[in-house]
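Let me begin by presenting the structure, written as structure tokens, before commenting on it.
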Amino acid sequence: MNNLVKRGASKQFEEGAEALPLDHVAIIMDGNRRWARERLLPRAAGHQAGVKSLKRLVRYVGERSLKYLTVYAFSSENWQRKEEEVSYLLKLFSDVLDDEFAELAENKVRLRFIGDLERMPAKLKNSMLESMENSRENTGLNLQVAINYGSRLELTQAARAIAMDVKRGLVDPESIDENMLSRYLYTADLPDPELLIRTGGEMRLSNYLLWQSAYTEFYVTSTLWPDFKPEDFDLAVSEFSHRNRRYGGD
Ligand code: FPP
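Next comes the structure, spelled out in structure tokens:
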């Protein structure tokens, strides 16, 4: 099966209202800078176009009643980018949160940020915590934004937290199993994603949801994130629905 799908997907779900065959889609939104470079625009324009693309998709998956969408916005490795780009991205996240939260809340979106929020600038961190708290009761789409996220860090922090609980006498080491470890992750209350979409054509996980994607189907498209449209999402879901998921069995 060639899972690198060429750019320019055709529309698959013309009827649109068909029930989705899955609850949780994770996305690695890659290719903003290449999109800008192709147009001789500054990087910032690529990230702005990335925000538009995310807004379009959030609206669409909300209409399709998807339960969980988890997007990779900023990895723990992204701090290595030029300071100017990092500052731009952090300011963009802050502005988007300020500008878009009301519409998200109106659409009953529950927002969660997953990652190590401690390193975030105080104002952004407070807005993130506040928006999570203020959307806690919302019953629509669960939107997770991974920010300063890295799976190895997440697993390391979980291991440390379990060790601390063992030390305090709260956890019996014999009782540590997969379910318990899952409960110490940022994604504790969430089901694992059934489908992980990566735009921009790279065939790697980039330290994203390593534990949670043990049995997740991967779909890589060379479409760059700003160009990723509802029909591209539908195409990924359509391909997912034809996969034979065996979970290591026959
Ligand atoms: C990937 O493109 C994207 C990012 C590093 C993160 C930024 C994402 C957005 C701005 C989308 C909106 C997100 C939120 C939460 C508002 P890249 O910079 O790696 O591009 P390249 O692969 O072409 O270098």
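Throughout, the working numbering is defined as the position within the sequence shown, counted from one, plus 505. Don't be surprised by glycine CBs; every beta carbon is placed ideally from N, CA and C.
Please confirm whether V614 and T575 have their CB atoms less than 9 Å apart. Contact flag unset, no.
Tell me the DSSP secondary structure of F738 in three-state form. F738 carries a helical assignment under DSSP once its states are collapsed to helix, strand and coil.
DSSP beta-bridge partners for N647? Beta-bridge pairing links N647 to Y573, R615.
Span of the alpha helix (DSSP H) holding V556? 548-568 is the span of the alpha helix (DSSP H), which, as asked, contains V556.
Among residues of its own chain, excluding the 5 on either side of F518, which ones have a beta-carbon nearer than 6 Å to its beta-carbon? Any reading at F518 is ruled out, since the residue's pLDDT is 45, under 50, leaving its predicted position unreliable.
Distance cut-off 8 Å: S558 Cβ against heavy atoms of ligand 1: Because some heavy atom of ligand 1 lies under 8 Å away, the Cβ of S558 counts as near it: yes.
Less than 8 Å separating the Cβ of S576 from some heavy atom of ligand 1? Position check: residue 576 holds Val in this sequence, whereas Ser was assumed. Within the cutoff, so yes.
For L595, which residues in the same chain have their Cβ closer than 7 Å to its Cβ, ignoring the five residues on either side in sequence? Taken in chain order, the residues that qualify are P626, L629.
For W584, count neighbouring C-beta atoms within 10 Å of its own C-beta (all shown protein chains included) and say buried if the count is 16 or more, exposed if not. So W584 counts as exposed.
State the start and end residues of the unbroken alpha helix (DSSP H) segment that holds T661. Per DSSP, T661 belongs to the alpha helix (DSSP H) from 656-672.
Span of the beta strand (DSSP E) around A531: Run containing A531: 529-533, per the beta strand (DSSP E) assignment.
Can the beta-carbon of T704 be found closer than 9 Å to that of T721? A distance of 9 Å or more separates the beta carbons of T704 and T721.
Would you report the Cα separation of S599 and N639, rounded to the nearest angstrom? Those two C-alpha atoms are separated by around 16 Å.
How many Å lie between V671 and H747 at the Cα? C-alpha of V671 to C-alpha of H747: approximately 44 Å in a straight line.
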